[in-house]
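Input: a single structure, listed below in structure tokens.
Residue numbers (our numbering), protein chains in the order written: chain A, 1 to 319; chain B, 1 to 631; chain C, 1 to 315.
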């Protein structure tokens, strides 16, 4: 296993290099212009736009720009945002607290809720509880988050005037009052995100547990005299977790940049919102930094998932 | 899949919100005829308590505002007359402003859009603001230089600005003419790549005659002496703070995020792309202002939820650019907490007619040497114009945000043509249009589509992705289908449509379709630059990588001549005449089909917020120092 | 003469006994079908899904209200006899729009998911089965796609291929192909990871070893032995993705990357309706309900399929 991990980590380097190259190529070749806001503006004539482009280094062909970017990346310089002219790293740092507070929490909440619900759903297949859980799960992933978010806003902010719907990132939690305020402003975005993520995990968990329940070893365990909780907890769950682990590992990096709609709707200044705005403004250095970090996380979490498979199911061998 | 769905849906939200507003940025025109809705409504609804405690002051605040919005005559000195409602500096709490595009930089010279100019304007300011009627309002200048008071030389080559004495920067140092000179050098340095460098175009020199006098000399006589240093695009920055960061080093300036300014506020904290927090600048020259202790300018999200925040929940006092369907706005305003404020601007949503052939093969595609199969016939163009129901469009889709118009120049008041009211192309008459096409030889085929000489009358009509625009397209399409024209709709991502990418066929500049639609308008009350957009010398084509502004490929020697006269004419009345003539030509020749004169601003404010003066020529926050809030 | 029952008589079985003793031959598939039929919810799902398809295919032929008749006086009306789903802000009938748009939504949903599931399963099964370098290579390929930002990639793809497809297949079919390809190609990755994980686990089981001993070829092992056991995962992935595909398609059309703006797909109707949610909730409720029913029915069909095809379930 140790050798496997080392080998994968070494493999990760050329993988990431290739990914970064493709990313850069796609971003450079895709249509879009950091200065499109000025296109129809007679006060910013073409010569001025060309000038600005030159100052941003955009007049050079993209392979050259890629190499420049790579060389600076390796030295720890992630470049400057075209929009704010500040180091990209500074921009990212500002976003991490809000991202963790809202998106990170939602991710954890969904895990904590979904796995038990999925298991119980499978155990009591087609019972009332299962039907309710199933229906809620379907509502969760057949309705887009902009919709559920909007519903919550209209219900709780507009009609009931109970919760604020615009996230204030300047709020610092110092005492009970500010803690309460922070909870009030984050509960809706967390609910929207968690609903969505919980729905998917519940479905996979339920399906997986249902698969395992009729298997022979369960019968064996029961006939050995083990109590139901032990049978489920120690045997079934462990074997059912493989697809769940896959999903959890796949979605962990999305905390970093995935909750775009929710961040937009509730104006949570997270990394997802930064990504979408940077793409819109063709702010390439920021987009590269975020997507590259995202790909590093993807590679790492997939490695983690593979390692966990080995732990969960000792029969899995990596040749 | 989720991730994609997230990404795409968020993107669409953002785009949808950004729609028509996002293009020609900043402060644009408005004649004084603003909607009285806001100011008038504000008066009776402000709480009786407020009226009781602040009666004389309240009259003072609302009266000039009402005067400015309802009277077409120039609002005298609105900034001077308005006084805070109750108490002076710092009497109010936090002013909460909501923009659905977040500011990313506070140095307005490197700004990328209105949001940045506006956010910067609380801190740095120009010598004079462009007032709601188009005339300058002195801020850092002691008075506005004119030919009459000798500030502008008779040959129109020199402008002398006298600065107010005793003004200090927020760090305590003195504001002098050197700072103004430095600002010019900063803006005009090519390597700085300032986005407002065009304002310094044609300047011979800017010198400091003495610490309170600045002399601007133009290379050629300039009939527009207020091209530089008036309005939110040439804010004065502190020499001391920025002198080490000119040229290529411009991006490293810490002042980009925390500029030192002469304005009513200074920056406490700036999170780019998220929120700006300001506090009172103790050195501000007017000791009685500003009213609000702190300001929070939050960005992000979409226009509709911004409207909710102002009108339904009252969480915010001011919501910028509420580009929302008018029925939704009406319903949201029933929340009772806020009002819309609007002013007619020079921004016009228009249809562009292509005079070249967008379907020519290969390199000839869209080249000015080709001729459009049917748009080269004036009568056909007229027919198309007469089948556009601009009134329904404006009433149903825009509401307070726009008025139907048949002028391409809609502001300032002095240059608005009255001649188009009677032009035939400005009437909505489908029957007459049908007759014109019949007479021109375009007969309806068996499929109902007109054809002539084997050519079918089929158009591709493109615009940006935006729900409002898509509805406009539906309306226009329905009209043209009644003429027997086949219409195919196309919508392009705004970032692509307005890009200058030479390789992308979908840009507005390439104009590889028959008709396209977007909004544009003059940046300053002087429309010379704007009208240059239709010159023969500005035709966009392959050889200039479609970078110039005459997308129509239209060429008319008479128009070019009028423009030449305009650049040389010094008499204001004659200038106005020339502008009107040029407008009339563009409309009567159906080079453009103007649709809606858009209001700017189109913002929402809390009913208790007072002191706003909607101003289409300058930043919306241009007089934030005068804003107050009734308790 | 007394009848003597000879041995021969006994051997030649009387005709009357035959139907009772002999049963018609049943293949595994018909076994599965029978099992499926017994699953009530699955059958309900089939009925609902077929009803939706029928509605969208035949509905517009029977319901003649035009989809694009703009009439401001009829704007934002609630459900009524004239307009069973109500009208939008331009006065257009929502039922007509939903029926026409439903064709596109259902087609896109199903085809895009088929593409992503097929591709994902293929990649995942090959990777999981062969392991080693093949696995490494394929998984890095998957990582690459996971890491790519969807939006610039979409802009690039559409920009490169839209005109080509339009010329080759005509505007509607060309765009349709482009969209399902794009949605499919952006969503196969989770499926491939899931299938690979399942393969890794099942590959080690004894019955595979047994089959190998008997001489089964790799392809047979993969597709006849392991794959059926991974079906439950694939089915869940498919059902989760259908609703997503329908909604992603609406997002695409907003970027100007999808169907022309006047095609009223369900996702698009939902999107158009959001600003009017408190003013005219009917506008959003109906398309939302339709998407919900589609997802629900497909899911129950999936449940039924899983139960029916599960070799371990006792029939």
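Glycine included, each C-beta is placed from N, C-alpha and C at the ideal position.
| Close-in-space but distant-in-sequence residues of the same chain around residue 123 of chain C (CB under 6 Å, 5 per side omitted) | 138, 192
| field | residue 97 of chain B - partner residues in DSSP beta bridges | value | B:297, B:318
| request: List in chain order: all unbroken alpha helix (DSSP H) runs of 4+ residues lying wholly within the region 241–281 of chain C. | output: 266–273
| query | What residues of chain A sit near residue 464 of chain B, judged by a beta carbon separation below 9 Å? | reply | What residue 464 of chain B touches in chain A: nothing, since even the nearest Cβ is about 10 Å away.
| request: Just tell me which of A:273, A:288, A:282, A:291 has its CA closest to the CA of residue 301 of chain B. | output: A:273
| request: Would you mind reading off the limits of the beta strand (DSSP E) that contains residue 269 of chain B? | output: 265–271
| said: Out of C:287, C:80, C:160, which one is the CA nearest neighbour of residue 56 of chain C? | reply: C:287
| In three-state DSSP terms, what is residue 154 of chain A? | helix
| task | Give a yes or no on whether 8 Å exceeds the smallest Cβ distance from residue 309 of chain B to chain A. | result | yes
| Does residue 298 of chain B have its Cβ less than 8 Å from a Cβ in chain A? | yes
| request: Residues of the region 256–272 of chain B with a CB closer than 8 Å to any CB of chain A: list them in chain order, please. | output: 256, 257, 269, 271, 272
| According to DSSP, which residues form a beta bridge with residue 80 of chain A? | A:87
| task | Return the CA-CA distance between residue 112 of chain B and residue 255 of chain A, expressed in angstroms with no decimal places. | result | 29 Å
| said: Counting only Cβ-Cβ distances shorter than 9 Å, please list the residues of the region 178–200 of chain B near chain A, keeping chain order. | reply: 190, 191, 192, 193, 194, 195, 196, 197, 198, 199
| Using a Cβ-Cβ cut-off of 7 Å (strictly less than) and excluding sequence neighbours within five positions of residue 534 of chain B, which residues of its own chain qualify? | 550, 554, 559, 586, 591
| task | Check the Cβ-Cβ distances between residue 500 of chain B and every residue of chain A, and say whether any is below 8 Å. | result | yes
| query | How about residue 220 of chain A: is its C-beta nearer than 8 Å to some C-beta of chain C? | reply | no
| With 8 Å set as the bound, which would you pick, yes or no: does the beta-carbon of residue 321 of chain C sit closer than that to a beta-carbon of chain A? | Look at the range of chain C in this structure, 1 to 315, and you will see that residue 321 of chain C is not part of it.
| Beta-carbon neighbours of residue 590 of chain B, restricted to chain C and to distances below 8 Å | Residues of chain C passing the Cβ test: none, with the nearest at roughly 24 Å.
| message | Quick check on residue 179 of chain C: buried or exposed, where buried means 16 or more other Cβ atoms within 10 Å of its Cβ? | response | buried
| Is it buried or exposed for residue 406 of chain B, if we count other Cβ within 10 angstroms and need 16 for buried? | buried
| Taking Cβ-Cβ distances shorter than 8 Å, what residues in chain A pair up with residue 190 of chain C? | 246, 247, 250
| request: Could you tell me if the beta carbon of residue 225 of chain C falls within a distance shorter than 7 Å of some heavy atom in the ligand ZN? | output: Absence of the ligand ZN from the depicted structure is noted, as is the absence of any ligand whatsoever, leaving it without description.
| Counting Cβ pairs, one atom from each stretch, are 3 or more of them under 8 Å apart for the region 117–135 of chain B and the region 326–335 of chain B? | no
| Separation of residue 291 of chain C from residue 83 of chain B, as counted between CA atoms | Model confidence at residue 83 of chain B stands at a pLDDT of 46, short of 50, so the residue's coordinates are unreliable; what they give is reported in the following sentence. If I take the Cα positions, the gap works out to 56 Å.
| Residue-level contact to chain C via CB, residue 142 of chain A, 8 Å cutoff | yes
| Is residue 426 of chain B buried or exposed, if buried means 16 or more other CB atoms sit within 10 Å of its CB? | buried
| task | Report the three-state DSSP secondary structure of residue 520 of chain B (helix, strand or coil). | result | strand
| request: Find out if the Cβ-Cβ distance for the pair residue 245 of chain A, residue 208 of chain A is shorter than 8 Å. | output: no
| message | So for residue 143 of chain B, helix, strand or coil by DSSP? | response | coil
| For residue 275 of chain C, which residues in chain B fall below 7 Å Cβ to Cβ? | 304, 324, 325, 328
| Spatially closest choice to residue 144 of chain A from A:205, A:172, A:259, by CA coordinates | A:259
| said: Quick check on residue 75 of chain A: buried or exposed, where buried means 16 or more other Cβ atoms within 10 Å of its Cβ? | reply: exposed
| Can you name the start and end residues of the alpha helix (DSSP H) that residue 160 of chain A belongs to? | From DSSP, residue 160 of chain A is part of no alpha helix (DSSP H); its letter is neither H nor E.
| query | Considering residue 184 of chain C, what are the terminal residues of the alpha helix (DSSP H) in which it resides? | reply | 171–186
| said: Could you tell me which whole beta strand (DSSP E) segments of length 3 or greater appear in the region 535–612 of chain B? | reply: 592–606
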